[in-house]
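All you need for our numbering is the position in the sequence shown, starting with 1, plus 225. Report on one structure; see the data block that follows.
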Amino acid sequence: MEMQSEWEVRSGEKKNPVLLINGYSIESYCLPTEPKDLVRSLLDEGYETWLLEARLHPRHPSNDFTVEDIGKFDIPAAIKKIQELNKLSVKVHVVAHCVGGLSIHIALMGGHISADNIVSLCCSNSSMFFKLNASSLLKMKLPIVPIAMAVLGKDTILPLIKTSKVNLRQKVLKFIARLIPRYQRCTYDECEVFSGIFGCSFWHENLSASMHQWLYKTSVSRLPMSAFPHLRKICNAGFIVDPNGQNEYLIHPERMTVPTLYISGGRTLLVTPETSFLANQYMRLHQPGFRHTRVVVDGFGHLDLLVGEESHEKVFPHILSHIGLVEKGRHVVTGAKESKYSKEALSWSDDPFEDRKRVVISCIFSLKFLLCFLMLFMLLVSLLS
């Protein structure tokens with residue numbers, strides 16, 4: 226509380242608090258190995274900063290949950306607590322990554338929280354849309370997730386640290402994960418298993434050696450897998466759906482009365498820039514009275530947007546600027562600008578940031594992945610026959 230009061234005095238005024246929501250099981254914001262992370266960047270600007278460790282966080286993973294549970298229970302509870310400790314009328318800036326971004330859109334568009342409680346929204350590689358590259362989408366189309374869940378059985382929490390005790394089912398799944406093709410290989414077994422399950426989540430050259438070691442030797446100790454069936458349905462649909470695969474959210478654009486910033490990595494891994502492109506168009510069409518911005522940052526893939534060595538120079542300024550403009554009241558669009566937003570959204574033109582060369586590379590990689598999957602399948606059949 227003393228440090229908070231110092232930040233308030235330094236900033237000269239009380240600012241709205243910020244809630245940070247991580248992606249799937251990886252800490253993206255509070256990074257002890259880095260001289261500058263997003264938490265410290267926000268604190269330096271005078272923002273009271275909160276970090277949500279939802280039920281998919283390695284510190285307290287759940288054995289049975291969906292992505293919807295985070296939006297329905299965890300996020301509303303976090304916002305309620307922030308309001309209790311400040312004042313009930315306080316509004317919150319939300320910054321979310323990957324599955325965290327899916328969850329906040331489920332919370333808002335599902336009516337689990339009101340946009341009256343949110344002063345601004347910023348999502349990296351995530352939105353109400355979730356468009357994967359060809360190889361990641363192929364992995365979701367194939368029955369890999371159902372097979373993985375069947376292999377794990379009732380205990381769906383997978384230990385990742387190499388020295389952790391694992392049962393036979395977990396050993397089998399980790400063995401399969403190591404065999405799956407990916408863009409980059411790694412000498413860390415934990416990184417190999419994680420990227421085998423998810424796909425590569427960052428370009429290794431963008432991370433410091435200390436950051437990479439901390440991630441996989443300390444931070445990501447366990448991976449709760451039970452949300453994967455729901456996540457698979459979202460990935461295959463290309464937008465947020467409920468656990469049954471039904472479109473219960475995109476039909477409620479009237480609930481998204483917030484200014485937004487959607488950020489994508491320009492060197493695509495996992496999630497493509499189409500995710501932010503469609504979201505920005507959707508918001509400009511349905512909520513033209515608010516300021517909506519989209520940024521594609523060259524050289525970054527997925528998680529490295531937030532944990533990369535140069536993230537504080539090339540990514541964080543966009544987030545801080547977005548929040549700062551809202552704090553100054555520059556989040557409402559009127560008149561000619563509002564009309565321009567609507568016309569641009571209605572055109573639904575091609576994304577100017579689409580990298581066709583990388584799309585081709587991803588398709589070629591998908592064919593290699595499919596071949597590997599078929600070989601593994603034939604091997605399993607021969608062993609069982």
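From the three backbone atoms N, C-alpha and C, an ideal C-beta is built for every residue, glycine too.
Beta-carbon proximity of Met-481 to Leu-383, cut-off 8 Å: no
CB contact flag (Val-483, Leu-277, <8 Å): Note that the C-beta distance between Val-483 and Leu-277 is not below 8 Å.
Residue range of the beta strand (DSSP E) that includes Cys-460: Careful: Cys-460 lies outside any beta strand (DSSP E), inside the alpha helix (DSSP H) at 453 to 462.
Which listed residue (Phe-464, Arg-509, Val-532, Cys-411) has its alpha carbon closest to that of Met-353: The candidate whose alpha carbon is nearest that of Met-353 is Phe-464.
Beta strand (DSSP E) segment containing Gln-321, residue limits: Correcting the residue identity first, residue 321 is Ala in this sequence and not Gln. 317 to 322 is the span of the beta strand (DSSP E), which, as asked, contains Ala-321.
Enclosing alpha helix (DSSP H) for Val-191 [first to last residue]: The requested residue 191 is not part of the displayed model; the chain covers only 226 to 610.
Three-state secondary structure assigned by DSSP to Ile-465: DSSP places Ile-465 in the coil class of the three-state scheme, outside both helix and strand.
Cβ shell of Asn-472 (< 7 Å), same chain only, five flanking positions each side left out: Taking Asn-472 as the centre and dropping the five residues before and after it, the same chain places the C-beta of Val-466 closer than 7 Å to its C-beta, in chain order.
Beta-carbon proximity check, His-477 vs Pro-468, cutoff 8 Å: no
C-alpha distance - Asn-241 paired with Ile-372, whole-angstrom precision: Their backbone Cα atoms lie some 45 Å apart in a straight line.
Any non-hydrogen atom of the ligand SAM within 7 Å of Leu-276 CB: The ligand SAM is absent from the structure shown, which contains no ligand whatsoever.
Cα-Cα separation between Ala-321 and Cys-411, rounded to whole angstroms: 27 Å
Limits of the alpha helix (DSSP H) - the one that Trp-428 falls within: Where Trp-428 is concerned, there is no enclosing alpha helix (DSSP H), given that its DSSP letter is neither H nor E.
Helix, strand or coil at Arg-410 according to DSSP, with G and I counted as helix: Coil, per DSSP.
Unbroken alpha helix (DSSP H) run spanning Thr-500, endpoints: 499 to 511
Phe-400 in three-state terms, based on DSSP: helix
Which of helix, strand or coil DSSP assigns to Cys-255: Coil.
Buried or exposed (CB count within 10 angstroms, at least 16 for buried), Val-243: buried
Where the beta strand (DSSP E) containing Gly-490 begins and where it ends: 485 to 490
Rounded straight-line distance, which links the Cα of Ile-459 to that of Ser-501: 16 Å
Glu-479 burial status per 10 Å Cβ neighbour count (16 or more: buried): exposed
Pairwise C-alpha distance: Asp-262 and Asp-529: 12 Å
Contact the segment 297 to 317 vs the segment 265 to 281: 3+ CB pairs below 8 Å: With the cut-off at 8 Å, the segment 297 to 317 and the segment 265 to 281 touch.
Continuous beta strand (DSSP E) stretch holding Leu-383: start and end: From DSSP, the beta strand (DSSP E) with Leu-383 extends over 382 to 384.
Leu-281, DSSP secondary structure in three states: The answer is coil: DSSP assigns Leu-281 none of H, G, I, E or B.
Beta-bridge pairing of Pro-449 - partner residues as DSSP gives them: Pro-449 is bridged by DSSP to Ile-382.
Top-ranked residue by Cα proximity to Ile-251, from Cys-323, Ser-536, Ala-462, Gly-421: Cys-323
At least 3 beta-carbon pairs within less than 8 Å: the segment 256 to 272 vs the segment 428 to 445: yes
CA nearest to the CA of Gly-325, picked from Ser-253, Lys-366, Leu-362: Comparing Cα-Cα distances from Gly-325 to each of Ser-253, Lys-366, Leu-362, the minimum goes to Ser-253.
Opposing strand residues paired with Ser-345 [DSSP bridges]: His-318
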